[in-house]
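Quick note, the sequences are listed as chains A and B, same order. So the first sequence is numbered by the numbering used here: it starts at 46 and just counts up by one. So the second sequence is numbered by the numbering used here: it starts at 19 and just counts up by one. Where a beta carbon is used, it is the ideal one built from N, C-alpha and C, also for glycine. Input: a single structure, listed below in structure tokens.
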Amino acid sequence: MAVIHDVMPAFELFQPASISDAVALLNRHANAWVMAGGMDSFDWLKDRIKRPSVVVDLSQIQELRGIKPLNGGLEIGAGTTLTEVARDPLVRDKFGLLMEAAELVASPQIRNQGTIGGNISQDTRCWYYRAGWTCYRAGGNICYADTPTAINREHAILGADRCVAVNPSDTAPALVALDAQMVIQSARGQRVVNAEDYFVGPAVDITRMTALAPDELLTAIRIPSTWAGAQFYFEKVRDRNVWDFPLLNVASAATYAGQNIERIRVVVNAAAARPLRLRAVEAAVVGKPRNEQTAELAGQIAVQGAQPLRYNGYKVPLMRNLVKRAIRGGGGGTWTS
Amino acid sequence: MDFVKWGLNPWGQNILTHVSWTLFWASLFAGVMFFVAHASYMLLSAHRKRSATETDRLEAAHANLPTRIERHSLMARAFHWVMAAAMFVLLLTAFLPVVGVKFAWVTWHWIAGLVLTGSIVFHILHASFWLDFWSIWVGPKDIPEFKAEILRELGHEVPGPKSGKYPLGNRLYHTAIVVAALAAVTSGVLMMSRVRTPFFTRNPYLFSDGTWGVTYVTHGLAGVGLVGLVIAHVYFAVRPEKWWITKSMLLGWITRRQYLEHHEPDRWPVAANPPRGRM
């Protein structure tokens, strides 16, 4: 079991003032630890679970901060804090989904310090993995959370492949629903990745949760105008409503033609190792009226193929109902177990 | 340099987890170096072939043999190519992610592993009951052939002995591939109990962590060994002087002249007017 130490371990600390300097450092130090707000990093480092010899602290890079309009949408610097995202008038007016998601992350203090780039790129909360045992995600050959005696209440019901850890981000499903793009910089140049492809499941890479290579830096998040002003729904269920990671969350963006659903994107997180866009649900409800029957259908489709573990069976009805509410809207209706 | 990876389990024990991927690169390097060294030697050395006059004499003496001699039955060839396809899928799904090509490889890997396992079981039964089981193995009886082959490689003109149905190189390779493939499929089938498949319920506690570590290391060692072995196999399959063997694996037969040039009729007898059948 990990022991929290009072002091930080020794490492070489770099505090670059520009993106180019940061990228050069990552290119020079193959296994450098990238730290944004430090909200996840300090646990890893103080617990001595991750032992990098080099830490690159991004807090001095002003280029990484701020929100600006871009072609009818937005570009958000990866180093922008969650509080800044939640309070930004452009975000609030056009992309309220992201505002809601950012406001529900952790606590006000954490939102003041934590960045949106860090929130979407954070590692999983699987406590077996974070305890430092050599599981699949840590380069070993077993998932301790998927054994007959494991405590796996928070783990995956979908998309598991050997590892059953889940992605704990609240803003990630909102960004996938908004069709965002991730701007990634490295010494090789810039690449732009769709939010949906930014997150990686264990089937593809069991030791990472994003498409970021060790020498790459997430510099910005672009949100196109596609869903600006659409009707949004975000709901997060957690054990402690004042400060916790999601047991499950759902984000949706939709437009309507009269009573019928014209376009829609529905994404859930904490059900799998990556935010899951529910394409089957989207296809099933487009063109249908926004009512209880459509919501019921969506909920049923959403959980098809779910494989609950010993202690997380509750996530199946929870996900079904969250998706129902996302389609129907939060008020009224029935909750089915 | 570490050849194996160690980890820590919840009981504080150090456990084996994997082979180091350094061994993959070592096996790849060894396979390529063997290819370069052998190809260079064959280009530059005084490597001798058997004299054509000897083969002419043998062909005249065995004119009653059929012009086409069956070397591999349809079933044997089917096994070979199914196994080859499965092996390539296994190696690509195992090692492309190691070199940075990321994709969902596990399901493809275990499906190909089951195909390989099934084809090996079929091959063992087929070879045991329908083929000459002992014709593929090496033993003390092959020492004269081994000496002759080495002398020929060194440029000396030496008379026989020639091989039976399978040249010595084939048999040595077969022995190596048997060891590596059996280790890979045995450990691989056990490892399937750790992933979700339609066949049985996952049971990660089938063995202790230590035994699982040995199983994973065995699988890894066999896998990286197969990289070098497959490179060598493909290399020999496309070499001009071995093409007649590759062709026989495609078509099933060799010519009478190839039979007499490369094989010892006493060790691989072929009926003069054969009813087509057992070979």
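Chain B residues whose Cβ lies nearer than 7 Å to that of tryptophan 178(A):
Chain order gives the chain B residues near tryptophan 178(A) as Leu26, Asn27, Pro28, where near means a beta carbon separation below 7 Å.
State yes or no: is the beta carbon of threonine 35(B) nearer than 8 Å to at least one beta carbon in chain A?
yes
When the Cα atoms are used, what is the spatial distance from alanine 248(A) to valine 235(B)?
21 Å
Would you kindly work out how many angstroms separate the C-alpha atoms of histidine 301(B) and isoleucine 33(B), rounded to a whole number?
Because chain B here runs from 19 to 297, residue 301(B) falls outside it and cannot be looked at.
Output the distance between the C-alpha atoms of leucine 132(B) and valine 197(B), rounded to the nearest integer angstrom.
18 Å
Express the C-alpha separation of arginine 285(A) and arginine 365(A) in angstroms, rounding to a whole number.
Straight-line Cα distance between these residues: approximately 21 Å.
Just reading off the alpha helix (DSSP H) that glycine 299(B) is part of, what are its end residues?
The structure shown has nothing for residue 299(B), since chain B only spans 19 to 297.
Using 10 angstroms around the beta-carbon of tyrosine 243(A), count the other beta-carbons present and answer buried if the total reaches 16, otherwise exposed.
buried
Do glutamate 280(A) and leucine 203(A) have their beta-carbon atoms positioned less than 8 Å apart in this structure?
Their beta carbons are not under 8 Å apart, which means leucine 203(A) does not touch glutamate 280(A) by this criterion.
Give a yes or no on contact between the stretch 64-74 of chain A and the stretch 110-128 of chain A, applying the rule of three or more CB pairs nearer than 8 Å.
no
Under 8 Å by Cβ, that's how I've got asparagine 157(A) and threonine 125(A) pegged, so tell me the actual separation to the nearest angstrom.
In fact, because the Cβ distance is near 12 Å, the residues do not count as touching under 8 Å.
What is the residue span of the alpha helix (DSSP H) that glutamate 240(A) lies within?
Reading off the sequence shown, one finds alanine at residue 240(A), where the question assumed glutamate. Alanine 240(A) -> alpha helix (DSSP H) spans 240-243.
In chain order, what residues of the same chain have a beta carbon less than 7 Å from the beta carbon of glycine 295(B), not counting five sequence neighbours either side?
For glycine 295(B), the predicted structure reports a pLDDT of 47, less than 50, and the residue's modelled location is therefore unreliable. The matter cannot be settled from this model.
Check each residue of the stretch 108-139 of chain B: if its Cβ is closer than 7 Å to any Cβ of chain A, include it; give the result in chain order.
Lys120, Phe121, Ala122, Val124
Where tryptophan 341(B) meets chain A, residues with beta-carbon distance less than 9 Å:
Residue 341(B) cannot be examined here, being either before or after the span of chain B that is shown, 19 to 297.
Out of Glu261(A), Ala256(A), Ala222(A), point me to the one whose CA is closest to glycine 234(A)'s CA.
Considering only alpha carbons, the answer is Glu261(A).
How about aspartate 92(A): is its C-beta nearer than 8 Å to some C-beta of chain B?
no
Opposite tryptophan 78(A) in the DSSP bridges: which residues?
Val100(A)
Could you give the C-beta distance for isoleucine 154(B) and histidine 192(B), rounded to a whole number, given that I count them as a contact under 8 Å?
5 Å
Residues near serine 38(B) in its chain [Cβ-Cβ closer than 7 Å; skip 5 each side]
Asp20, Phe21, Val22, Lys23
Can you tell me whether DSSP reads lysine 183(B) as helix, strand or coil?
coil
Which residue's Cα is closest to the Cα of arginine 335(A): Arg355(A), Gly274(A), Arg308(A)?
Arg308(A)
Taking C-beta pairs closer than 9 Å, name the residues in chain B that valine 249(A) reaches, listed in chain order.
Pro115, Lys120, Phe121, Ala122, Trp123
Could you tell me whether the stretch 185-195 of chain A touches the stretch 131-148 of chain A, where touching means 3 or more Cβ pairs closer than 8 Å?
no
Three-state secondary structure assigned by DSSP to proline 334(A):
strand
Round the Cβ separation of leucine 108(B) and histidine 127(B) to the nearest angstrom and send it over; I've been treating them as touching at under 8 Å.
6 Å
Looking only at its own chain, which residues have a Cβ that is under 7 Å from the Cβ of proline 213(A), when we skip the five neighbours before and after it?
Gln167, Thr169, Arg170, Phe290, Pro291, Ala315
Return the chain-ordered list of same chain residues with a C-beta closer than 6 Å to the C-beta of alanine 343(A), the five sequence neighbours on each side being excluded.
Close CB contacts of alanine 343(A) within its chain, under the 6 Å cut and outside five residues either way in sequence, are with Val326, Val330, Val368, Ile372 (chain order).
Phenylalanine 140(A) and leucine 109(A) look like a contact to me (Cβ under 8 Å); what is the Cβ gap, rounded to whole Å?
No, phenylalanine 140(A) and leucine 109(A) are not in contact; Cβ-Cβ is about 20 Å, not under 8 Å.
Pair within 8 Å by beta-carbon distance, methionine 105(B) and valine 248(B)
yes
Taking 8 Å as the threshold (C-beta atoms), are alanine 123(A) and leucine 263(A) in contact?
yes
Count the other CB atoms within 10 Å of the CB of threonine 252(A); is the residue buried (16 or more) or exposed (fewer)?
exposed
Figure out for me which residue from Thr300(A), Arg319(A), Ile155(A) has the closest Cα to the Cα of valine 209(A).
Arg319(A)
Quick one: Cα of cysteine 180(A) to Cα of proline 222(B), how far?
12 Å
Can you tell which of Leu293(A), Trp288(A), Val287(A), Ala302(A) has its C-alpha closest to the C-alpha of glutamine 276(A)?
Glutamine 276(A) has its Cα closest to that of Ala302(A), out of Leu293(A), Trp288(A), Val287(A), Ala302(A).
For chain B, find out if any of its Cβ atoms is closer than 8 Å to the Cβ of arginine 207(A); answer yes or no.
yes
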